[in-house]
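Just so you know, the sequences run in chain order A and B. Per my numbering, residue 1 is the first one in the first sequence, and the count goes up by one each step. Per my numbering, residue 393 is the first one in the second sequence, and the count goes up by one each step. Cβ coordinates follow ideal geometry from the N, Cα and C atoms, glycine included. Read the structure below first, then the notes.
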Amino acid sequence: MAVMKRSSPQELGRQLAWSRREFLRTGAAMALGGTLLPSGIAMAGRGALAGIPSKKKKVVVITFGGGARDQETFAPEGQENIPHLMRELIPQSTFFTQVVNRGILGHYVATASLATGVYETINNFASLPPEHPTVFEYFRKDLKRPSSDAWVVAPSNGFNRIGESNNRAYGPGLGASVILPKHLLTAAMSGRTTDYEHLLRDNYESPLFAPDLGGNEFQLQQLEMMLKLSVDDFKAHALTLSSPDELSVYIARQLMRQLAPSLLWITMHDIDIAHAGAYSLYIEGIRRTDRLCAEVWKAIQSEPEYAGNTTLFILPDFGRDSDDDSGGNGFQHHRTGDALSRTTWMMALGPGIREGVVYDRAMESTDLVPTLGGLLGFSASLAQGKPIAELL
Amino acid sequence: MLPRDLKPEQFSGYPPEARKLVTNYLGALQRLPLSFLPSLLREAIEYDFKFPAERRTLERELANLGSLSAEQTADWFQGFAQIRLSPGLERFDWVNAPGQFVEQLSSYLWTTHQLDAFRIAATNYADRLRAAVPPEPPPVPRLVITVVGQGVGAFEEPLFRKLRAHGAYFSNVKPENGLEVLLNLVAARAKAHPAPYAHWYIDGGQEANCDAALTCVSYQRLEPARAALLGKMRAEIERPGMGPEALRTHLAQLRPADLGFGKDGDAVLDRFQVKLLTEGSGTQIFSTTFAQWAAREALRRAQPLTLLVRFAPRQRQKPMNELLAASQERAELDPVGSLIDGDMGAYYNWLNLQRLTGAAQASFLAWFEEHNKAVALSPSTPRGTASASATSMRELLAWVS
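Here it is, written out as structure tokens:
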């Protein structure tokens, strides 16, 4: 504990990255990448999605939200909570152990920062669009893609403006369609939600508050038209699900089947129940998110439109407070801004990506958007991050 | 307004003892940077309602600030002085609403990417203060006991994993009369070392027999206050434009009378309990969260010599709007989930005990109620050991206390 207090944030970030690398070496038999193998980048081969025609390339991004710590995930005592990541996904992935978020650690603003490649400073709790162009706008404008080709699925009603910015050069009409499954379910039930309450939990930063909606969310009438899903079928299937994130993945799979968007962004949020302070519910959230990530990867492998031409990125928006910081209350929040809450990870899977490799150089969460630009062929001209060479 | 402009009459809205305290040190306060001073005033304005340990800490901190020359003050606070503040923050009534100022400052620091610099400045100040004014050692070694798992029939998964490395794990504790033995022990300590708010019993459900010598807080006893609070929260949430930050500000302004506490109660304890419910996230709806947060705050603020925390089953997870509804129907409980919550809560109780003076001499016990598993941590307990020998609760306590 004393050592942790005396270390700088950068040093703590490096220690975290090193720990993750060691955990993965022992738990998932990963090889070391760039930092220990200087030729690692050159060995990366042809790069993700190389050789796949531009129109066929697809990317799915999952935010592993709302933040989980190493103690409950990659550390030896936490690996029991992420069996699917450890045994199925990480061995197939290139894994980055030190992804630092230097922005505001609120879920909406941090997810907006991930989606724009710029540390956004918008009010985390207001229904506001990002101030900088989102990855969806770069993608659609540069590549002249229709609105049906970029989608966001987000469980929290507070994320309804995430699809497009208010930047003058981009903005309205160029963003992603945003689908809020819980909102959709509430609408489908016409307010009578007794049997579906477990799917309608909203824990947007605080157990005390569910934000109001605003913006152009997916409308109920589009359920049948675009997703080919009757309201009755939707309601019937929802009854078999256990959480908002399960509902999100169900809708995401429906989108993949019916519209096959090239850019699909799924924001998980069940883990954020941690704000209510019940550790068992936080752990349940992690285990569920782990399983759902594997389900999405399986769906990518089984859907003809996605199999063999899709890169999957999984990353948390940020972590949670350390047990060692007396200013916080451990897993419950992400308020201290300590190294554990800022230093997270990312994995990438798919064609052309080296499998079972770990890189622990420091990178930033804003590097995601320029990397997606490199993979899909658009220019994220206003993003602050840098493309991740190990993937391109 | 800046700190150098402070005048005694500006503290006329403070409670009497707080006003006297801060005006005694006005000269020192005038030399402090605005990025720091409201955090200090946030504590000072509550002085009349603070526990004795907190009062002493605050008095010693102010005395230290008063002893510094202008040059020394500038040296101590150079990190804070480099924090850039907005004109809006400078105009804010931070004298009378220091808590709200600190909330806005926090938001501003995040937005302007100055949080890390502020953290470093705060850590450096705390280290320097601790060196200059070492915290007082406790008169007797502290003892913290955590009881978890009420209502759980069988649970075969390992318990107390985070604590075992620091002490001895017992797998054959005789559970008979265990809670009674523990309560008798904490009451005996309270009588042997009497001091206000020095010996606590916190229960996450219906409290067992609570000796008059103990400071008692329970989730069940606070049910009327929780119901009143949930009603106010529902009303606030339904107001247009209300968000989490505005709600938090509103809750922070609630006083005991707003939640139905009588005028004849213990003003210090009542204020503490209101803060548990209005400042703790989830304490209003989950009893396990309440027990953990109450223990954390009691340790941090009252710095007790003895603390017994008993976790009780919390209600099952439901949508937040339902949890807030405080239905009259009996809530469905989740005993096993609550045991896992309590297991982590026990670890956090031990961590929070480690943050107090005399931690090296302190003892800690966690017990799975009505079952035979426990873990004991004390200066005399060998670390990372396990015992399967039949052990009574009295024997266990004799070992750790």
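{"Query": "CB contact check: Q79 (chain A) to chain B, cutoff 8 Å", "Result": "no"}
{"Query": "Coarse secondary structure for Q384 (chain A), derived from DSSP in three states", "Result": "coil"}
{"Query": "Bridge-paired residues (DSSP) for K58 (chain A)", "Result": "A:T310"}
{"Query": "Residue range of the alpha helix (DSSP H) that includes T26 (chain A)", "Result": "P9 to G27"}
{"Query": "Under 7 Å from the C-beta of S280 (chain A): neighbouring residues of chain B", "Result": "G729, I732 and D733"}
{"Query": "CB of T311 (chain A) within 8 Å of CB of A48 (chain A), strictly", "Result": "yes"}
{"Query": "Residue-level contact to chain B via CB, T97 (chain A), 8 Å cutoff", "Result": "no"}
{"Query": "Counted within 10 angstroms of its Cβ, other Cβ atoms place H505 (chain B) as buried (16 or more) or exposed", "Result": "exposed"}
{"Query": "Top-ranked residue by Cα proximity to P705 (chain B), from B:F682, B:A694, B:A758 and B:T698", "Result": "B:F682"}
{"Query": "Beta-carbon proximity of F484 (chain B) to S427 (chain B), cut-off 8 Å", "Result": "no"}
{"Query": "Any C-beta of chain C under 8 Å from that of S165 (chain A)", "Result": "Chain labels in this structure do not include chain C; the protein chains are A and B."}
{"Query": "As assigned by DSSP and simplified to three states, the class of M226 (chain A)", "Result": "helix"}
{"Query": "L788 (chain B) - DSSP class collapsed to helix/strand/coil", "Result": "helix"}
{"Query": "Beta-carbon gap between D317 (chain A) and L114 (chain A) smaller than 8 Å", "Result": "yes"}
{"Query": "E131 (chain A), DSSP secondary structure in three states", "Result": "coil"}
{"Query": "Proximity test, Cβ basis, 8 Å: W742 (chain B) and chain A", "Result": "no"}
{"Query": "Local conformation of S302 (chain A) per DSSP, three classes", "Result": "helix"}
{"Query": "Contacting residues, own chain, Cβ-Cβ under 7 Å from K141 (chain A) (five flanking each side not counted)", "Result": "Y170 and L174"}
{"Query": "Chain A contact residues for W592 (chain B), given Cβ-Cβ distances below 8 Å", "Result": "Near W592 (chain B) there are no residues of chain A at all, since even the closest Cβ is about 18 Å away, more than 8 Å."}
{"Query": "Minimum C-alpha distance to T186 (chain A) - residue among A:S280, A:K57, A:D232 and A:Q92", "Result": "A:D232"}
{"Query": "Residues of its chain near A29 (chain A), where Cβ-Cβ distance is below 8 Å and the 5 sequence neighbours each way are ignored", "Result": "P91 and G356"}
{"Query": "Three-pair Cβ contact test at 8 Å for the segment 723–735 of chain B versus the segment 479–496 of chain B", "Result": "no"}
{"Query": "Neighbour flag for F341 (chain B) against chain A, beta carbons, 8 Å", "Result": "In the structure as shown, chain B begins at 393 and stops at 793. Residue 341 (chain B) is therefore absent and cannot be evaluated."}
{"Query": "Chain B contacts from the segment 112–126 of chain A (Cβ-Cβ distance under 8 Å)", "Result": "Y119, T121, F125 and A126"}
{"Query": "Opening and closing residue of the alpha helix (DSSP H) in which T121 (chain A) lies", "Result": "Premise fails: T121 (chain A) is in no alpha helix (DSSP H) and is neither H nor E."}
{"Query": "Stretch pair the segment 555–564 of chain B + the segment 773–792 of chain B: three plus CB contacts closer than 8 Å", "Result": "yes"}
{"Query": "Given 8 Å, three or more beta-carbon pairs between the segment 329–346 of chain A and the segment 96–103 of chain A", "Result": "yes"}
{"Query": "R339 (chain B), DSSP secondary structure in three states", "Result": "Absent from the structure is residue 339 (chain B), since the part of chain B shown begins at 393 and ends at 793."}
{"Query": "Interface positions of the segment 661–677 of chain B facing chain A (Cβ-Cβ less than 9 Å), listed along the chain", "Result": "G672, S673, G674, T675, Q676 and I677"}
{"Query": "Cβ shell of P640 (chain B) (< 6 Å), same chain only, five flanking positions each side left out", "Result": "Before going on, a small fix: residue 640 (chain B) reads as Arg here, not Pro. Once the five neighbours on either side are set aside, R640 (chain B) has no close Cβ partner at all."}
{"Query": "Any chain B beta carbon closer than 8 Å to D323 (chain A)", "Result": "yes"}
{"Query": "Given 8 Å, three or more beta-carbon pairs between the segment 691–707 of chain B and the segment 520–536 of chain B", "Result": "yes"}
{"Query": "Among A:Y279, A:A260, A:D321 and A:H333, nearest to K56 (chain A) - alpha-carbon criterion", "Result": "A:A260"}
{"Query": "Minimum Cβ-Cβ distance from A778 (chain B) to chain A less than 8 Å", "Result": "no"}
{"Query": "Cut-off 7 Å between Cβ atoms - residues of its own chain near P588 (chain B), not counting five sequence neighbours on either side", "Result": "P444"}
{"Query": "Residue range of the alpha helix (DSSP H) that includes W685 (chain B)", "Result": "S679 to E689"}
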